[in-house]
Amino acid sequence: MKFDTMGLDNALLKSLKDYIDTFDNKENNIISILHYAQDIFGYLPKELQVYIARLTNLPASRINGIVTFYSFFNENKMGKFKVDVCLGTACFVKGSEEIMKAFKDELSVDGDGLSEDGLFNVNSIRCVGACGIGPVVRVNDKIYGHVEVSDVKEIIKAHRNELATEEN
Ligand code: FES
1 MKFDTMGLDN ALLKSLKDYI DTFDNKENNI ISILHYAQDI FGYLPKELQV
51 YIARLTNLPA SRINGIVTFY SFFNENKMGK FKVDVCLGTA CFVKGSEEIM
101 KAFKDELSVD GDGLSEDGLF NVNSIRCVGA CGIGPVVRVN DKIYGHVEVS
151 DVKEIIKAHR NELATEEN
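Numbering of the sequence shown is given in the UniProt record's numbering, commencing with residue 1 and proceeding in unit increments.
Okay, structure coming up:
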């Protein structure tokens, strides 16, 4: 039966199938299979999960359960910079919701939190244990404290510059 791969790259799907075929016991190797799929596609969208379910004879719900359980798997396209805005209570009362809005507006993020240019993902997180310097924003591994709405443009610019430096 044919199923919808929603425009996923055929060469990559073939590579994934070849990789899956190397395992006699696909169920025992499902984490490796998902890692491989994420490495070549960059993320694990639902249609790819269904594809993997078919080739491993596992229920799609089981695959989805694994993908959503482990934080190192992503169902959505990821940008280079992961912007986490803390909406824990201490940060929230100091205005982190406004900061979240400012990031979303500035980066024109879509419903999945991906910026229009594909470089940033904006997400909310709960307390990261740095309440004393709230509102807190984390970009990849870097923590920003006492963030104000007026800092948002600067934070974005610093990471765009970082990227430009890496590319030169
Ligand atoms: S509530 Fe944001 S760091 Fe604790």
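Quick reminder that beta carbons are idealized off the backbone N, C-alpha and C, glycines included. This structure is a prediction, so every number in the text was calculated from the model and none was measured.
Cβ-heavy atom distance, residue i to ligand 1, below 7 Å
i: A90; result: yes
i: G118; result: no
i: A164; result: no
i: G134; result: yes
i: G7; result: no
i: G95; result: no
i: V128; result: yes
Identified DSSP bridge partners for residue i
i: F73; result: Paired residue(s): none; F73 is not in a bridge.
i: L114; result: N121
i: I143; result: R138
Residue i in three-state terms, based on DSSP
i: V83; result: strand
i: I30; result: helix
i: T22; result: coil
i: M100; result: helix
i: D39; result: helix
i: E148; result: coil
i: A61; result: Just to set this straight, residue 61 is Ser in the shown sequence, not Ala. Looking at S61 - three-state DSSP - the assignment turns out to be helix.
i: R126; result: coil
i: G132; result: helix
i: K157; result: helix
Nearest-angstrom Cβ-Cβ length linking residue i and residue j, presumed shorter than 8 Å
i: L107; j: I155; result: Contact flag wrong, Cβ pair sits at about 11 Å.
i: I33; j: Y19; result: 7 Å
i: F120; j: F81; result: 5 Å
i: V136; j: V128; result: 6 Å
i: A53; j: P45; result: At roughly 13 Å, the Cβ-Cβ gap does not stay under 8 Å, so A53 and P45 are not in contact.
i: L87; j: Y51; result: Actually they are not in contact, since the Cβ atoms of L87 and Y51 sit about 34 Å apart, beyond 8 Å.
i: N123; j: G113; result: 5 Å
i: T56; j: I30; result: 6 Å
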